[in-house]
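Protein chains in written order, with full-length UniProt numbering: chain R, 1 to 322; chain C, 1 to 118.
Don't be surprised by glycine CBs; every beta carbon is placed ideally from N, CA and C.
First comes the structure, then the notes that go with it.
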Amino acid sequence: MTSKNLGRVTLAALPFVLALLIDLTLYAAIADRLPDRLAVHFDAGGSANGYTSFTAYLLYTLPSLLVLGALWVFIAVKGRLHGRTYRWLIGGGFAVAAFLGYLLIAVLFVNVDAPEGGSADGLPLWHIAVALGAAALAGALGLLLSRLAPAPEDPRGLDPATRERIMLADGEVAAWGRGIGAWWAPVAVLVLLAAGVTVGWEQSWFIRVPLILLALVTGTFCRPHVTVDRRGLTVTGLLPRPRVRVPLERMEVADSRPVNALAEYGGWGYRIRPERSGVITRSGEAIVVSLTSGREFAVTVGDSATGAALLNTLLDRQRAGR
Amino acid sequence: MLFRVDPTSTVPLGDQIAASVRRAVAEGAVAPGERLPAARALAESLGVNVHTVLRGYQRLREEGLIELRRGRGAAITAGASPQRARLLERVREAVADARDLGMTEDELLTLVRNELDA
């Protein structure tokens, strides 16, 4: 691991480790004064309506801090975030850790000295306000700390001259197309449909209709197809619409590089993130287009080198005014 | 799969589209089972008539490189190996050469039959 990475890992993990240590210390301090049955679930008015044992509570809550910390470290190292986006990630980590760390321990404090087997008074709602305040303070602290070390620089060289091209004769027209296999898309459609039918049946059409609509839209994207042509980069489903199209006019330069779905896009599907968006069906090679707005648009697709090379060729033509 | 057509060339556009697919199969850029773009979508991409694309697809079907299924579009056949695509290219070249030499169809077929019997 490089020293730069070590710094990023430390900064991303720090709030979660701190929250964990503080919570553990406080747990240890008050463990003797807790009842066997902890009130851990509260209704909107703050009264307790759910209970669990102390051990179960620890087993359930502590890993949540660890898992979130691991996710933040993963994104900080693999997420290719730079500049402001990176600083916001660090600040966000501090805020989330403070919010969660505060609430996890506040729940225990309202249980202190509660009668055995009886109910705690409940969680006064001002705890939420304090947790939000702690999150804001910690977030600001995280933003400040992230300034101690230089944020990762934007690694992209935007000079189009450094990219591969496809040799085309004058007047020759070229198009590139390829399907994206997404094995999980049909599964997602089935789950959404099942949820729409069953939940909708029990609840109301108000929930059912959006779920079924979402399933149908996802359904048309079961076998997406990526096209690069004189109009730009297009991702279509089974039908001509809906579709996602980035016209050549909005592009600066195209690249073929591997992307990480979770670290860079926070998941799979049509993703919109700060500074980047994309149709992400898996981790792996993708066409990544740098847009004139400074954002990035990515499509995970095989043989992305050919697609990116054709895009750069078409961009040349456009600049030359042909 | 990369499609390229040159409207200034003397080769018919449909044949140029077929040649693009043949080249992709020969280079191993596409695998059996992979789908070709819908004819209408490809026609819009390349700025050609949809019937031109269909003529190209029809030609590939006759060569056994793709199969056309109603409602499911065109897909590369299971038997479409790079070797087969390269063989088709050589057959096309042989026919073109024979035409240049002014050979008749029978003369060319006799040559092929002799080679098969040898």
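Exercise. Along the stretch 33-53 of chain C, what residues have a CB closer than 9 Å to any CB found in chain R?
Worked result: Glu34, Arg35, Leu36, Pro37, Ala38, Arg40, Ala41, Leu42, Glu44, Ser45, Leu46, Gly47 and Val48
For this session: Quick one: which unbroken beta strand (DSSP E) runs of 3-plus residues sit fully inside the stretch 153-222 of chain R? Chain order, please.
Result: 173-179
Exercise. Mind checking Trp72(R): buried by the 16 CB within 10 Å criterion, or exposed?
Worked result: Along the first sequence, read from residue 1 onward, the residue named residue 72(R) stands at position 72. Buried is the call here.
Problem set entry | Where Trp183(R) meets chain C, residues with beta-carbon distance less than 9 Å | Residue numbering aside, residue 183(R) sits at position 183 when the first sequence is read from its first letter. The contacting residues do not exist; Trp183(R) stays about 14 Å from chain C at best.
For this session: Whole angstroms is fine: what's the gap from Gly92(R)'s alpha carbon to Leu68(R)'s?
Result: The residue given as residue 92(R) occupies position 92 in the first sequence. The residue given as residue 68(R) occupies position 68 in the first sequence. Distance between the alpha carbons of Gly92(R) and Leu68(R): 11 Å.
Exercise. Taking C-alpha atoms, which residue in Ala149(R), Pro186(R), Val244(R) and Thr292(R) lies nearest to Asn5(R)?
Worked result: By 1-based counting over the first sequence, the position of residue 5(R) is 5. Measuring from the Cα of Asn5(R), the nearest candidate turns out to be Ala149(R).
For this session: State the Cα-Cα distance for the pair Arg80(R) and Ile30(R), rounded to the nearest angstrom.
Result: Indexing the first sequence from 1 puts residue 80(R) at position 80. Indexing the first sequence from 1 puts residue 30(R) at position 30. Near 42 Å, if we compare the C-alpha coordinates of Ile30(R) and Arg80(R).
Exercise. Do Leu14(R) and Leu145(R) come within 9 Å of each other at the CB atom, strictly closer than that value?
Worked result: Here residue 145(R) is taken as the residue at index 145 of the first sequence, counted from 1. Here residue 14(R) is taken as the residue at index 14 of the first sequence, counted from 1. Closer than 9 Å, so yes.
Problem set entry | Within 9 Å, strictly: CB atoms of Glu264(R) and Thr292(R) | Reading the first sequence from its first residue, position 264 is the one you call residue 264(R). Reading the first sequence from its first residue, position 292 is the one you call residue 292(R). Not in contact: Glu264(R) and Thr292(R) (Cβ atoms no closer than 9 Å).
For this session: Please report the residue range of the alpha helix (DSSP H) in which Arg230(R) lies.
Result: To locate residue 230(R), count along the first sequence from 1; it is residue 230. Run containing Arg230(R): none; DSSP gives neither H nor E here.
Exercise. Got a sec: which bits of the stretch 290-317 of chain R sit with their beta carbon under 8 Å from any beta carbon on chain C, in order along the chain?
Worked result: Asp303, Thr306 and Leu310
Problem set entry | Classification of Gly302(R) by the beta-carbon crowding that lies within 10 angstroms, buried from 16 upward | On the first sequence, position 302 is the one that residue 302(R) refers to. The residue is buried, with at least 16 neighbouring Cβ atoms inside 10 Å.
For this session: State yes or no: is the beta carbon of Thr2(R) nearer than 9 Å to at least one beta carbon in chain C?
Result: Sequence index remark: in the first sequence, residue 2(R) carries index 2 (1-based). Judged by the 9 Å Cβ criterion, Thr2(R) is not in contact with chain C.
Problem set entry | Own chain residues within Cβ distance below 6 Å of Thr61(R), not counting five before or after | Against the first sequence, residue 61(R) aligns to sequence position 61. Closer than 6 Å at the Cβ level, and outside the excluded window around Thr61(R), lie Leu104.
For this session: Mark Asn49(R) as exposed unless 16 or more other C-beta atoms lie within 10 angstroms of its C-beta, in which case mark it buried.
Result: Here residue 49(R) is taken as the residue at index 49 of the first sequence, counted from 1. By the 10 Å Cβ count, Asn49(R) comes out exposed.
Exercise. Are the beta-carbon atoms belonging to Arg178(R) and Met1(C) less than 9 Å from one another?
Worked result: For the purposes of this step, residue 178(R) is taken as residue 178 along the first sequence, with counting starting at 1. For the purposes of this step, residue 1(C) is taken as residue 1 along the second sequence, with counting starting at 1. Yes.
Exercise. Among Leu238(R), Leu132(R) and Pro115(R), which one has its Cα closest to the Cα of Ala95(R)?
Worked result: As a position in the first sequence, residue 95(R) is number 95, starting the count at 1. Answer by Cα proximity: Leu132(R).
Problem set entry | Ala98(R): first and last residue of the uninterrupted alpha helix (DSSP H) it sits in | Translated into positions along the first sequence, residue 98(R) becomes position 98. Start and end: Gly83 to Asn111.
Exercise. To which residues of the same chain is Gly139(R) closer than 6 Å at the C-beta, ignoring the five residues directly before and after it?
Worked result: As a position in the first sequence, residue 139(R) is number 139, starting the count at 1. The answer, listed in chain order, is Gly91, Phe94 and Ala95.
Exercise. Rounded to the nearest angstrom, how far is the Cβ of Arg147(R) from that of Ala76(R), given a contact under 8 Å?
Worked result: If you number the first sequence from 1, residue 147(R) lands on position 147. If you number the first sequence from 1, residue 76(R) lands on position 76. Their Cβ separation, rounded to whole angstroms, is 15 Å, which puts Arg147(R) and Ala76(R) out of contact at 8 Å.
Exercise. Does the beta carbon of Pro7(C) come closer than 9 Å to any beta carbon on chain R?
Worked result: Position 7 of the second sequence, counting from 1, holds the residue named residue 7(C). It does: the Cβ of Pro7(C) has a partner Cβ on chain R nearer than 9 Å.
For this session: Kindly indicate the opening and closing residues of the alpha helix (DSSP H) around Val77(R).
Result: For this step, residue 77(R) is matched to residue 77 along the first sequence. Per DSSP, Val77(R) belongs to the alpha helix (DSSP H) from Phe54 to Lys78.
For this session: Determine the extent of the beta strand (DSSP E) in which Asp255(R) is found, giving its start and end residues.
Result: By 1-based counting over the first sequence, the position of residue 255(R) is 255. That run of the beta strand (DSSP E) goes Met251 to Val259.
For this session: Answer yes or no: does any C-beta atom of chain R fall closer than 9 Å to that of Arg69(C)?
Result: Locating residue 69(C) in the second sequence gives position 69, where the first residue counts as 1. Judged by the 9 Å Cβ criterion, Arg69(C) is not in contact with chain R.
For this session: Give the interface partners of Val173(R) over in chain C, defined as CB-CB distance under 9 Å, in chain order.
Result: Start at 1 with the first residue of the first sequence, and residue 173(R) comes out as number 173. What Val173(R) touches in chain C: Phe3, Arg4, Val5, Asp6, Pro7, Ser45, Leu46, Gly47 and Val48.
Exercise. Should residue 334(R) be labelled buried (16 or more other beta-carbon atoms within 10 Å of its own) or exposed?
Worked result: Nothing can be reported for residue 334(R): it is not among the residues displayed for chain R, which extend from 1 to 322.
Exercise. From this set, Pro63(R), Gly46(R) and Thr236(R), which residue's C-alpha is nearest Gly181(R)'s C-alpha?
Worked result: For the purposes of this step, residue 181(R) is taken as residue 181 along the first sequence, with counting starting at 1. Residue Thr236(R) is the option with its Cα nearest to Gly181(R).
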